[in-house]
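Chemist:
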Amino acid sequence: MATSNSKLPNVDPTDIDPVTGYPRLPEGWVWQQFPPAPEFLEDPEWYDTTGKDALEQRQIFSLPTADEQVEQILQLLHDFPDHGLNMIFAAAVKGNAPVIRALLDAGVKAHPEAGANDDMTLVPLHAAAFNGNLECVKVLLKVGGVDVNAVDDLGGTALMRASSGANPSIVKFLLERNADPTIRQNSDVDALEFAAGRGQLETVKMLVDHSIRTAKVNQEIPTEQKPTRGISVTALALAAGADSGNVEVIKFLLEHMGHTFEPKDRNRMGGKLSPQERKAIEGAVKRAALHPHIGVLEILLHLLTDTPPQEQFQDLGLSADLLEAFIDGMFNAVSKDNIEGLEFNWNIVFNLNSDRQTEKPQIVDELLHSATQHSSLSPTKLFLQKGSAGINTYDPNLPNPFSG
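This is the structure:
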């Protein structure tokens, strides 16, 4: 609803303001909504009833020049002195280094303080790192004096955010300034695991190479003077890489663990697995099987089963947990109309393992129901053409349309 002190104006519903997302209004008019947004109820001065904050309302970052933006942000700071952190955070997201510098010069803190009742989710350095805004990162570190290893509400660092945000140039910059890649946030994840989970090969290589260089330096200097220690390829990093589906990331991580993939180098890939390595690879197989990521699975299964890369799999004899992951992956493949993934997991579960044959009819019927529910035509055709599913079977998990 548009509000003002006169009768409602004529509004062209096709003339959308790209900044607000609403049809343009004549000067002096604003959009309102009822019931108001939750943000308005929490802070009615900073937010309007649609949930837009004062930054969005004044459209400061849409002004044509940096000087105008700086002038208006300082006016906004004058009007809302308690919201400086919101402003500097928004500027970091936008990549607006001049505004950040102006706010810092005006006395706005560069990083929230837990003891000061600040919102620890508003971390400008992390926002700049995640969004690839290197100049903002530099200003916050140099002018704002932010610790390169400062943490947010989750215990995460700027290096973690840059690693998960596909920003290798910022990862490089932070590492050069002694960012610690071994810090783990509250959920027990480090920068390498974030990068692997996003399939960021360049960042993964950078973090591992940094670990190797650091280890070499550590051997040459006294213990009390050692710099940041290196990171290692953990089971979680391998599982995260498998989850990303990036074959090159998985190859790099496994090679760093000492496994090669050229037949001329080593025909028997899995023979030297330690119990810890086997457990890590099984965890990675589970993650890849859920999607399913075929290329990643082929690498991991060859390694896990000690099958030479040029040979076909035989009876795999996978554990019950792994088979469950492949079955779940079939349902995920069906929901996405992914016929290749479905057929790959089907082959693993029913053709290369003998333990689940008695469950096959029930699983097939459930897969058919899932395919029809998700309008996945290719799997539906496959099951019906092969005659392996009952078209009139009843799924007790579906709601009964005739029940009261």
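Numbering-wise, the sequence shown is residues 1 to 404 according to full-length UniProt numbering. The beta-carbon is built from N, C-alpha and C at its ideal position, and this holds for glycine as well. Computed from a predicted model, the values in this text were never measured in an experiment.
#1: Can you tell me where the alpha helix (DSSP H) holding P38 begins and where it ends?
#2: Can you tell me which of the three DSSP states V249 falls into?
#3: Which residue's Cα is closest to the Cα of D53: D118, L63 and L41?
#4: Helix, strand or coil for D105 per DSSP?
#5: Consult DSSP for D82 and reduce its assignment to one of helix, strand or coil.
#6: Given A235, which residues of its chain have a CB within under 6 Å of its CB, disregarding the five upstream and five downstream residues?
#7: Which of the three DSSP states, helix, strand or coil, is assigned to P181?
#8: Which word fits P181, buried or exposed, when buried means at least 16 other C-beta atoms lie within 10 angstroms of its C-beta?
#9: Smallest Cα separation from N338: which of K360, H374 and G258?
#10: So, helix, strand or coil for V137, using DSSP?
#11: Roughly how many whole angstroms lie between the Cα atoms of H302 and L352?
#12: For A54, report the span of its alpha helix (DSSP H) as first-last.
#13: Which stretch, first to last residue, makes up the alpha helix (DSSP H) that contains D147?
#14: Relative to the alpha-carbon of S244, which residue among L273, T214, S274 and K286 has its alpha-carbon at the smallest distance?
#15: Evaluate N10 with the Cβ neighbour count: other Cβ atoms within 10 Å of its Cβ, from every protein chain shown; 16 or more gives buried, anything less gives exposed.
#16: Can you tell me which of D152, G156 and P124 puts its alpha carbon nearest to the alpha carbon of D144?
#17: Buried or exposed for N117, please, with buried defined as at least 16 other CB atoms from any protein chain shown within 10 angstroms of its CB.
#18: Roughly how far, in whole angstroms, is the beta-carbon of G196 from the beta-carbon of A162, given that I think they are within contact range, below 8 Å?
#19: Which residues mark the beginning and the end of the alpha helix (DSSP H) in which W362 is found?
#20: Can you grab the Cα-Cα spacing for the pair L8 / E193, in whole Å?
#21: So V349 and P379 are in contact, right, with Cβ under 8 Å, and what is the actual spacing, rounded?
#22: Which of helix, strand or coil does DSSP assign to P13?
#23: In angstroms with no decimal places, state the Cα-to-Cα distance between V296 and E366.
#24: Going by C-alpha to C-alpha distance, which of E202, F344 and V151 sits closest to A114?
#25: Leaving out the 5 sequence neighbours to the left and right, which residues in its chain are closer than 6 Å to H293 when beta-carbon positions are compared?
#26: Which residue comes first and which comes last in the alpha helix (DSSP H) that contains V171?
#27: Does DSSP classify W31 as helix, strand or coil?
#28: Grab me the residues of D12's own chain with a C-beta within less than 7 Å of its C-beta, minus the 5 sequence neighbours each way, in chain order.
#29: Distance, Cα to Cα, A239 vs W31?
#30: If you measure between the beta carbons of A106 and L77, is that distance less than 9 Å?
#31: Across which residues does DSSP place K23 in a beta bridge pair?
#32: Below 8 Å on the Cβ atoms is my contact criterion, and I expect E255 with L201 to pass it. Report the Cβ-Cβ distance as a whole number of Å.
#33: To the nearest angstrom, report how far apart P18 and L25 are at their CA atoms.
#34: Determine the closest residue to R278 out of V364, L322 and T50, with distance taken between C-alpha atoms.
#35: Measuring only the C-alpha atoms, how far is K251 from S169?
Modeler: Reading from the atomic positions:
#1: Here the question's residue 38 lines up with position 38 in the sequence shown. That run of the alpha helix (DSSP H) goes P38 to E42.
#2: Working through the sequence shown from its first residue, we reach residue 249 at position 249. Residue state, collapsed to three classes: helix.
#3: Start at 1 with the first residue of the sequence shown, and residue 53 comes out as number 53. Measuring from the Cα of D53, the nearest candidate turns out to be L41.
#4: Indexing the sequence shown from 1 puts residue 105 at position 105. If DSSP states are grouped into helix, strand and coil, D105 belongs with the helices.
#5: As a first step, residue 82 must be located in the sequence shown, where it is residue number 82. It is helical.
#6: Start at 1 with the first residue of the sequence shown, and residue 235 comes out as number 235. Result list for A235: A280 and G283, in chain order.
#7: Against the sequence shown, residue 181 aligns to sequence position 181. If DSSP states are grouped into helix, strand and coil, P181 belongs with coil.
#8: Along the sequence shown, read from residue 1 onward, the residue named residue 181 stands at position 181. By the neighbour-count rule (16 or more Cβ atoms within 10 Å), P181 is buried.
#9: Here residue 338 refers to the residue found at position 338 of the sequence shown. When each option's Cα is compared against that of N338, the closest is H374.
#10: Position 137 of the sequence shown, counting from 1, holds the residue named residue 137. Helix at V137.
#11: Mapped onto the sequence shown, residue 302 falls at position 302. Mapped onto the sequence shown, residue 352 falls at position 352. Between H302 and L352, the C-alpha separation is close to 13 Å.
#12: Counting from 1 along the sequence shown, the entry for residue 54 is found at position 54. Taken as a continuous stretch (DSSP letters only), the alpha helix (DSSP H) holding A54 covers A54 to R58.
#13: As a working note, residue 147 is residue 147 in the sequence shown. No alpha helix (DSSP H) contains D147, which DSSP labels as neither H nor E.
#14: Mapped onto the sequence shown, residue 244 falls at position 244. Out of L273, T214, S274 and K286, K286 has the C-alpha closest to the C-alpha of S244.
#15: The residue given as residue 10 occupies position 10 in the sequence shown. Exposed.
#16: Here residue 144 is taken as the residue at index 144 of the sequence shown, counted from 1. Reading the sequence as shown, one finds Gly at residue 144 and not Asp. It is P124 whose Cα lies nearest to the Cα of G144.
#17: Taking the first residue of the sequence shown as 1, we reach residue 117 at position 117. Exposed is the call here.
#18: As a position in the sequence shown, residue 196 is number 196, starting the count at 1. As a position in the sequence shown, residue 162 is number 162, starting the count at 1. A small correction: the amino acid at residue 196 is Ala; Gly does not occupy that position in the sequence shown. That pair is no contact at about 14 Å.
#19: One-based indexing of the sequence shown puts residue 362 at position 362. Note on identity: in this sequence residue 362 is Gln, with Trp being the wrong assignment. Here the alpha helix (DSSP H) through Q362 covers K360 to Q373.
#20: As a first step, residue 8 is located in the sequence shown; it is residue number 8 there, counting from the start. As a first step, residue 193 is located in the sequence shown; it is residue number 193 there, counting from the start. L8 and E193: Cα-Cα distance of roughly 55 Å.
#21: Stepping through the sequence shown from its first residue, residue 349 is reached at position 349. Stepping through the sequence shown from its first residue, residue 379 is reached at position 379. That pair is no contact at about 15 Å.
#22: The count along the sequence shown starts at 1 and reaches residue 13 at position 13. DSSP places P13 in coil when its eight states are reduced to three.
#23: Working through the sequence shown from its first residue, we reach residue 296 at position 296. Working through the sequence shown from its first residue, we reach residue 366 at position 366. Near 26 Å, if we compare the C-alpha coordinates of E366 and V296.
#24: Numbered from 1 along the sequence shown, position 114 holds the residue referred to as residue 114. For the residues E202, F344 and V151, the minimum Cα distance to A114 belongs to V151.
#25: On the sequence shown, residue 293 is found 293 positions in, with the first residue counted as 1. The residues are G245.
#26: As a working note, residue 171 is residue 171 in the sequence shown. P168 to E176 is the span of the alpha helix (DSSP H), which, as asked, contains V171.
#27: For the purposes of this step, residue 31 is taken as residue 31 along the sequence shown, with counting starting at 1. Here W31 sits in strand by DSSP.
#28: Taking the first residue of the sequence shown as position 1, residue 12 is located at position 12. The answer, listed in chain order, is P23.
#29: In the sequence shown, residue 239 corresponds to position 239, counting from 1. In the sequence shown, residue 31 corresponds to position 31, counting from 1. So the alpha carbons of these two residues sit roughly 47 Å apart.
#30: The residue you call residue 106 lines up with position 106 of the sequence shown. The residue you call residue 77 lines up with position 77 of the sequence shown. Against a cut-off of 9 Å, the Cβ pair of L77 and A106 comes out as a contact.
#31: Counting from one through the sequence shown, the residue named residue 23 turns up at place 23. The sequence as given places Pro at residue 23; Lys does not occur at that position. Note: P23 sits in a beta bridge opposite I16.
#32: Here residue 255 is taken as the residue at index 255 of the sequence shown, counted from 1. Here residue 201 is taken as the residue at index 201 of the sequence shown, counted from 1. The Cβ separation is near 12 Å, so there is no contact.
#33: Counting from 1 along the sequence shown, the entry for residue 18 is found at position 18. Counting from 1 along the sequence shown, the entry for residue 25 is found at position 25. Approximately 13 Å between the Cα atoms of the pair.
#34: As a first step, residue 278 is located in the sequence shown; it is residue number 278 there, counting from the start. Considering only alpha carbons, the answer is L322.
#35: Indexing the sequence shown from 1 puts residue 251 at position 251. Indexing the sequence shown from 1 puts residue 169 at position 169. If you take the alpha carbons of K251 and S169, they lie about 23 Å apart.
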